[in-house]
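Data block below; observations after.
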Amino acid sequence: MSNDKLLQMFLREPGQYVSGEKMSQELQVSRTAIWKQIQKLEAEGYSFEASRRLGYRLLNIPDKLEGAWLESRMETSRFGKLIHIHDTVQSTQIVARDAAENGAPEGTLIIAEQQSNGRGRMGRGWVSPKGKGVWMSMVLRPSVPIHFAPQLTLLTAVALCRSLTRLTGLSIGIKWPNDLLIEGKKISGILLESAAEDERLRYVIAGVGISVNLEQSDYEDGLREKATSLRIASGKPLSRSDVIVQFMQEWEQLYDLYQEQGFGPIITLWEALSISLGKPANLVTPQGTITGIPVGLDSTGAIKIQLDDGSVIPVFSAEMGEPT
Ligand code: BTN
244 MSNDKLLQMF LREPGQYVSG EKMSQELQVS RTAIWKQIQK LEAEGYSFEA SRRLGYRLLN
304 IPDKLEGAWL ESRMETSRFG KLIHIHDTVQ STQIVARDAA ENGAPEGTLI IAEQQSNGRG
364 RMGRGWVSPK GKGVWMSMVL RPSVPIHFAP QLTLLTAVAL CRSLTRLTGL SIGIKWPNDL
424 LIEGKKISGI LLESAAEDER LRYVIAGVGI SVNLEQSDYE DGLREKATSL RIASGKPLSR
484 SDVIVQFMQE WEQLYDLYQE QGFGPIITLW EALSISLGKP ANLVTPQGTI TGIPVGLDST
544 GAIKIQLDDG SVIPVFSAEM GEPT
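Using our numbering, read the sequence shown as starting at 244 and increasing by one per residue.
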């Protein structure tokens, strides 16, 4: 009897007891064989509740991402209701883009245990070691013009920041535009890539990388000073499934708010979580470097920078750093 068949029985009816009799009938093995298999699963990190009368109930699974289990826990109506989990892919962005081109509905979520060529912003890479983080891309189909795409990046950062703060109790801030930092070190990154036609977005691939359980040794020298993980920051490992479920719920709620009320409420939330406002900054743009003080977001999603002469200009895309 394979582990898989037995697990499928529990995953088919999440949270429900499955009787020993039902298991042995369906899998055509003895009750003793079922009991031995349950013990084997417990040794692998699964936990069950046993009732003499009702059978067994699956309580928890090891920190291995499992699509059916995640889908069953999702408290959303669209986000993460269809999940595809891969062991290794180059980048979940590529897999999600193919899915979107083939008509995948909004909310389809592609997750990988590991990425061999994870992509970051500005052509950089993204460290994505096996089983240590959440490396995922979701298909969005918003009915907004293409120049609104940056607003979705900011919205995603707010949702991620709120859900991770709630889950860990850590103090997490947003560095413009969408980096989440703990004590100045990055714990996640967001990369939105879109396809448009006639000025309208056909779809957006929202890529999110969350460094959940990485350890110091997972980072190369040079990155160790700039990046951290939730595990390093909190001193204890975290369930990646919990991270995904919480984030999806927060993300869908904010996305629905955005579709109903526009970008205004997101500006307020982003500004409240921002660690960039009010501190002198250098913004490196393709046109040159701008030095000034970020004072807020404008209605398009650009950051407003107050210059030395008191004037305020919007900056749409740049790399932000501290003045040298
Ligand atoms: C950044 O540079 O801050 C953005 C990093 C985005 C990383 C995520 S991990 C999942 C998805 N797949 C990728 O290749 N990149 C994004």
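Idealized CB from N, CA, C, for every residue including glycine.
In the DSSP assignment, W378 forms a beta bridge with A355 and G452.
Within the same chain, Cβ atoms closer than 6 Å to the Cβ of L410 are found at Q489, the five residues on either side in sequence being excluded. Straight across, the Cα-Cα distance linking S406 with E493 is about 6 Å. Approximately 7 Å separates the beta-carbon atoms of G376 and N456; this is inside 8 Å, confirming the contact. When the Cα atoms are used, Q357 and S371 turn out to be separated by approximately 6 Å. Within the DSSP bridge table, the entry for G531 names T528 as partners. According to the DSSP assignment, P557 belongs to the beta strand (DSSP E) that extends over V555 to V558. The region 381 to 389 and the region 423 to 443 touch, with no fewer than 3 CB-CB distances between them shorter than 8 Å. Under the Cβ criterion (8 Å, minimum of three pairs), the region 322 to 332 counts as touching the region 346 to 357. Sequence-distant partners of T532 (beyond 5 residues in either direction) whose C-beta falls short of 6 Å from its own C-beta, in its chain, are N525. Exposure of N345 is indicated by the presence of fewer than 16 other C-beta atoms within 10 angstroms of its C-beta. Closest in alpha carbon position to D499, among M563, S477 and G350, is G350. In this structure, A476 places its C-beta atom within 8 Å of the C-beta atom of L413. Distances from the alpha-carbon of A342 to those of F291, A438, Y289 and I430 put A438 closest. S431 and L403 do touch by the CB rule: their CB atoms are close to 6 Å apart, below 8 Å.
Contact between I448 and A347 fails: their C-beta atoms lie close to 10 Å from each other, not under 8 Å. Setting aside the 5 residues that flank it on each side, P557 is surrounded in the same chain by D541, T543, A545, I546, K547 and I548, each with a C-beta closer than 8 Å to its C-beta; the list follows chain order. Going by beta carbons, I518 and L398 fall outside the 8 Å limit. Every alpha helix (DSSP H) of 4 residues or more that sits fully in the region 363 to 440 is shown, in chain order, as 392 to 411. Pairing K428 with A470 gives a Cβ-Cβ distance under 8 Å.
The closest heavy atom of ligand 1 lies less than 7 Å from the beta carbon of D422. Per DSSP, D485 is one residue of the alpha helix (DSSP H) stretching across R483 to Q504.
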